[in-house]
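Visitor: Structure below; questions to follow.
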Amino acid sequence: MNGETAGLFYLFGFFVVLVSICGLYCILVTRNLIRAIIGLEILIKGVTLLLVVAGYAAGQPALSQALVITVIVIEVVLIAVAGGIALRVFRHTDSLEVGELRKLKE
Amino acid sequence: MQINIVLLILMVLAALWSVMSRSLLKATVGLALTSAIITMLMFRLGAALAAVFELSVCTGLITVVFVSTISLTKPLTHKEITELSKDRIKRYWYLPVIVALAAAGMAVLRIPKDFAMPNLPAIAADVRVVLWNARQLDLFGQIIVIIIGALGVVILFEERRRDEW
Chain A
3 MNGETAGLFY
13 LFGFFVVLVS
23 ICGLYCILVT
33 RNLIRAIIGL
43 EILIKGVTLL
53 LVVAGYAAGQ
63 PALSQALVIT
73 VIVIEVVLIA
83 VAGGIALRVF
93 RHTDSLEVGE
103 LRKLKE
Chain B
155 MQINIVLLIL
165 MVLAALWSVM
175 SRSLLKATVG
185 LALTSAIITM
195 LMFRLGAALA
205 AVFELSVCTG
215 LITVVFVSTI
225 SLTKPLTHKE
235 ITELSKDRIK
245 RYWYLPVIVA
255 LAAAGMAVLR
265 IPKDFAMPNL
275 PAIAADVRVV
285 LWNARQLDLF
295 GQIIVIIIGA
305 LGVVILFEER
315 RRDEW
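What follows is the structure, given as structure tokens:
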């Protein structure tokens, strides 16, 4: 890995960390189920970009693209199921607030 | 390089907007914007196929899923929004501060640029060859996950009478 590629990897890594902080903060702070899913999605976006740039820096762009495609497929399934769960919770409790889910313990 | 920096800054701003916006629809639009900017970055890194997937699936399909989920839930009243927004400001104003502190911290710490990536043996130059020849087991896994996801969605979105819950 030459200096320019290392610099590019460092630059992308720098911003990926910032995006991941946004996603993690959203998951930790929010009380809304849909917003929590959005936070998770932002985290996955950071991972996706990091995979692509790691493949570019390591000289394995094809392998990283194959991994990214797998991540995207899993991501869509996850979002569809999570959206369905959020909708079910809304119909059950008439709210999307996470605090309303205390009855799960009983 | 400059274009990359501009796009990366826009990506962080879009993610921040997505997290901090009051409306769920605006948050979804922010997410789609983040995804579109990541698509541009992927194109710039030469990952065209992954970029097309990201654009069509993450920017398009996931936004549609989010908007339909939001549209099926009840919007908040004006009073609730006013009460929530005061609470939100208290909870979310830390985020730009944390992001700025993290950026400053990473800039000061200066992670060494001369670190080396592991030298993996080259599998193939073409993504299609990698997908179909080297990662067949993963593809089967993906197919199973998609089927499970489809079944899950069918069960979860199934309409039932209210007294059946």
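Chains as they are written, first to last, in the working numbering: chain A, 3 to 108; chain B, 155 to 319.
Glycine is no exception: its CB is placed at the ideal position from the N, C-alpha and C atoms.
1) Since residue 297/B is in the alpha helix (DSSP H), which residue starts that stretch and which ends it?
2) Tell me whether residue 250/B is buried or exposed, calling it buried when 16 or more other Cβ atoms sit within 10 Å of its Cβ.
3) Tell me, to the nearest whole angstrom, how far the beta carbon of residue 209/B is from that of residue 223/B; I am working on the premise that it is less than 8 Å.
4) With a cut-off of 8 Å, does the C-beta of residue 227/B fall near any C-beta of chain A?
5) Which term fits residue 34/A, buried or exposed, when burial requires 16 or more other beta carbons within 10 angstroms of its beta carbon?
6) With residue 185/B and residue 44/A assumed to form a contact (beta carbons below 8 Å), what rounded beta-carbon distance in angstroms separates them?
7) Give me the Cβ distance between residue 211/B and residue 68/A, rounded to the nearest whole Å; I'm assuming they're in contact under 8 Å.
8) Under 8 Å Cβ-Cβ, which residues of chain A neighbour residue 189/B?
9) Taking Cβ-Cβ distances below 8 Å as the criterion, which residues of the segment 44-75 of chain A are in contact with chain B?
10) I want to see whether chain B comes within less than 8 Å of residue 100/A, judged by CB atoms only; does it?
11) Using a 10 Å radius around the Cβ and a threshold of 16 neighbouring Cβ atoms, would you call residue 177/B buried or exposed?
12) Can you pull the chain A neighbours of residue 216/B, defined as C-beta to C-beta under 8 Å?
13) Could you give the C-beta distance for residue 195/B and residue 161/B, rounded to a whole number, given that I count them as a contact under 8 Å?
Guide: Well, looking at it:
1) That run of the alpha helix (DSSP H) goes 290-310.
2) It is exposed - the Cβ of residue 250/B has fewer than 16 other Cβ atoms within 10 Å.
3) Wrong, their Cβ atoms sit about 21 Å apart, outside the cutoff.
4) Yes, its Cβ sits closer than 8 Å to a Cβ of chain A.
5) In this structure residue 34/A is buried. Its beta-carbon is surrounded by 16 or more other beta-carbon atoms within 10 angstroms.
6) About 7 Å; that satisfies the 8 Å criterion.
7) Going by Cβ atoms, the distance from residue 211/B to residue 68/A rounds to 15 Å, so no, they are not a contact pair.
8) The answer, in chain order, is 47.
9) Cβ proximity to chain B below 8 Å picks out 44, 47, 50, 51, 54, 55, 56, 57, 58, 59, 60, 61, 62, 63, 64, 65, 66, 67, 68, 70, 71, 72, 74, 75 from the segment 44-75 of chain A.
10) Not one chain B Cβ lies under 8 Å of residue 100/A.
11) With fewer than 16 Cβ atoms within 10 Å of its Cβ, residue 177/B is classed as exposed.
12) Within chain A, the C-beta atoms nearer than 8 Å to that of residue 216/B come from 43, 77, 78, 81, in chain order.
13) At roughly 5 Å, the Cβ-Cβ gap stays under 8 Å, so residue 195/B and residue 161/B are in contact.
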